[in-house]
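Worksheet for the structure shown next.
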Amino acid sequence: MGARFIQSLGPIDIIMGPAGSGKTVASSFKGPYLAGNWFPVCKDGVIRVKLATIRDTYRDLARTCLASWYEMFPEKHPFTTFHAGGQDRPVIHKLEFGAVRGNTLCKVEFTAEFGAIGDANIEGFAKGYEISMNWMNECDMLHERVPGLMWSRTGRYPKVTDIAESELERVIGPYRKRMQAMGVPIDDDELLLPRIAWGDCNPPDISNYVCKVGGLGDPKDKNEMYNLFRQPGGLSNDAENRKGKPRSSYEMEARTFTNKQDIRRFVHGLPGYAQDGTPVYEDQFSLDIHVVEDLQPAPGLPINLGLDAGGSPALTIGQFMPNGQRRVLREVCADPGTGPSRFAQMALEVLLTDFRGFAINEAYADPSSFYGADKVAGELAWIEIVARALNVSIMPAPSNEPSLRHDAVRWYLSGMIDANTPRYLVDKRCTRLIGGFMAHYKLTKQASAGATDKLAVAKNEYSHVHDAEQYICLGHRGRLGVIDGAANMGRGNKVVNIQSRRGKTDFDVFSV
């Protein structure tokens, strides 16, 4: 992953991984690597590149960023032609080295400027740069405006007029195609200097902007201008920088940390969670395992519905596969105050558009939504109106007990059908459901702290669609099925409780 990050051409690349995984070293090497291998040659045969490296404070800049930079390029390195600054002041380090382009050896004039924002105005700080590229060390510690403002200062050095058009076209050709594919209006004859920025960080809180733009939170917040490179966890077989930090080091840290969030972030390389509530599926859901791009319904199999009739009604549409897998294909999330008729119209539109011709074999909803109507006066309950509008028989879920509902979904999340097939898949378009799985479907602060014996879930925009998914999973498996699954946890499929067999055998020890 570190090599892919170094070779990536942006626009904005971010590498994220556990402590000691080589992120800062990779970021240090990325600038000179791109200068020698990608940036255009000026008309006089010299490659000129200017890098701006920023951090939140000068103290932290010297302690981590500059320390890694000097390990690779010391002040007295043979490449060094100029060095100035330091001690709570900006640093300028100029390097000269050779790069082979085709059959020609070209000189590279590389200028690295190091600075810290500190208490300065962010916008004013960024306006002071005319650079080729930007490196944001520990970018999660910087304000979310910084990446955009610093990227806007790239592509300004050297001048476009100093570079041959053939070199510009070589560099900008692939870059232009990518921007056009993203919908950025760039004309085919438009000449631009290459622009790139990158950052490195340990996994921050899931609510941090890095997780949002990188697609780790709610998928709808993903920004296509950002490429997120996630390194494997420190205890993974694919962990990076093993020579610099062996597995035993992570093992000891996992035992030393007293905060569970520190273990998640610095050992396993996973985002942390806001301390206002613990995610319900904190240890079961994995973005890499359970989320699938463009998950299509299996032809010939019926679909099923899960519904919640809360203040913001929601619907999940999925399939239960013959091998026992649960697939969530779509979600419908309504605004607060949406009535049953309008919600039924929203659901029907999705069903007719994406699932025309598919039979609906089961539908389960919140049991409480079947009550509240004046039956004597001929009124219909909320869910009955939806059922008639959709022409679907909707059944009440077997229970409304939160722990039982959670276990129904948790059974699918925590199991594997075989070594490569998870028991639960969700389409990437189900942004609310995924966002809730990742962080936002969480216990209340009191329940998270153990200050109450009541299992209380925070009500927010993510909770309703999760309630809907729980109802269909619980309804499909049944109340006893969920309880039996929990009781049989850890046993193989063919292992049964000895008590269930004790009274059914005529075994006699004296007859052996």
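The sequence shown begins at 1116 in the working numbering and counts up one residue at a time.
Glycine included, each C-beta is placed from N, C-alpha and C at the ideal position.
As the structure is a computational prediction, the values presented were derived from the model and not from experiment.
Residue i in three-state terms, based on DSSP
i     : result
G1263 : helix
I1301 : coil
K1209 : strand
C1545 : coil
G1137 : coil
H1198 : strand
R1170 : strand
S1563 : Only weak support exists for where S1563 lies, its pLDDT of 42 falling under 50; the value from the coordinates is given anyway. In the structure shown, S1563 sits in a helix (DSSP, three-state: H, G or I).
G1433 : strand
E1186 : helix
R1646 : Summary: the structure shown does not reach residue 1646, with the chain confined to residues 1116 through 1627, and so no result is reported for it.
K1145 : helix
G1059 : Outside the modelled stretch of the chain, which goes from 1116 to 1627, sits residue 1059, for which no answer is possible.
M1553 : helix
P1193 : coil
V1164 : strand
Which listed residue (the options) has its alpha carbon closest to that of residue i
i     : options                       : result
Y1185 : S1142, D1171 and K1165        : S1142
G1472 : R1520, A1413, A1512 and A1496 : A1413
H1258 : I1232, G1243 and N1317        : I1232
P1455 : V1447, I1498 and L1444        : I1498
R1592 : S1529, D1128 and D1522        : D1522
M1436 : Y1341, P1537, N1342 and N1218 : P1537
K1274 : D1159, A1424, V1443 and P1417 : D1159
F1344 : M1131, L1595, I1207 and K1327 : M1131
A1478 : E1516, A1279 and G1433        : G1433
P1319 : R1379, K1292, T1373 and G1117 : R1379
T1139 : V1156, N1338 and I1121        : I1121
G1270 : P1428, D1582, Y1244 and N1374 : Y1244
First and last residue of the uninterrupted alpha helix (DSSP H) at residue i
i     : result
C1316 : It is not in any alpha helix (DSSP H) - C1316 instead sits in the beta strand (DSSP E) that spans I1311 to C1316.
V1501 : W1497 to L1505
Q1122 : G1117 to Q1122
D1628 : Since the first residue shown for the chain is 1116 and the last is 1627, residue 1628 is missing from the structure and cannot be characterised.
R1370 : R1362 to T1371
F1473 : Careful: F1473 lies outside any alpha helix (DSSP H) and carries neither H nor E.
C1221 : Element bounds for C1221: not the alpha helix (DSSP H) but the beta strand (DSSP E), T1219 to A1231.
F1485 : That residue, F1485, is in no alpha helix (DSSP H); it is neither H nor E in DSSP.
Y1586 : S1578 to R1592
L1402 : L1402 to H1405
F1344 : Premise fails: F1344 lies in the beta strand (DSSP E), Y1341 to R1345, not in any alpha helix (DSSP H).
Neighbourhood of residue i by C-beta distance below 8 Å, restricted to the same chain and skipping five residues each side
i     : result
I1549 : D1333, P1334, L1402, V1406, V1541 and K1543
G1565 : Per-residue confidence for G1565 stands at a pLDDT of 46, beneath the threshold of 50, marking its modelled position as unreliable; the derived number appears in the next sentence. The answer is none, since no qualifying residue turns up.
Sequence-distant residues of its chain with Cβ nearer than 6 Å to residue i (five each side left out)
i     : result
G1125 : I1311
P1511 : P1482 and F1485
N1252 : R1170 and C1180
G1530 : R1538
E1228 : A1167 and I1207
A1573 : G1392, K1557 and T1559
R1520 : Q1585 and L1589
Enclosing beta strand (DSSP E) for residue i [first to last residue]
i     : result
A1523 : Note, A1523: premise wrong, no beta strand (DSSP E); alpha helix (DSSP H) at P1517 to L1528.
D1128 : I1127 to M1131
V1447 : R1441 to C1448
Proximal residues to residue i (C-beta, below 7 Å), its chain only, five neighbours per side dropped
i     : result
V1395 : H1521, Y1556, K1557, L1558 and V1572
| Hey, is the region 1144–1160 in contact with the region 1375–1394, meaning 3+ C-beta pairs nearer than 8 Å? | no
| Three CB pairs or more closer than 8 Å across the region 1521–1535 and the region 1351–1371 | no
| said: Within 8 Å, do at least three Cβ pairs link the region 1350–1363 to the region 1286–1295? | reply: no
| query | So does the region 1414–1422 actually touch the region 1580–1589, counting three or more Cβ pairs closer than 8 Å? | reply | yes
| Quick one: any contact between the region 1499–1506 and the region 1441–1448, if contact means 3 or more CB pairs under 8 Å? | no
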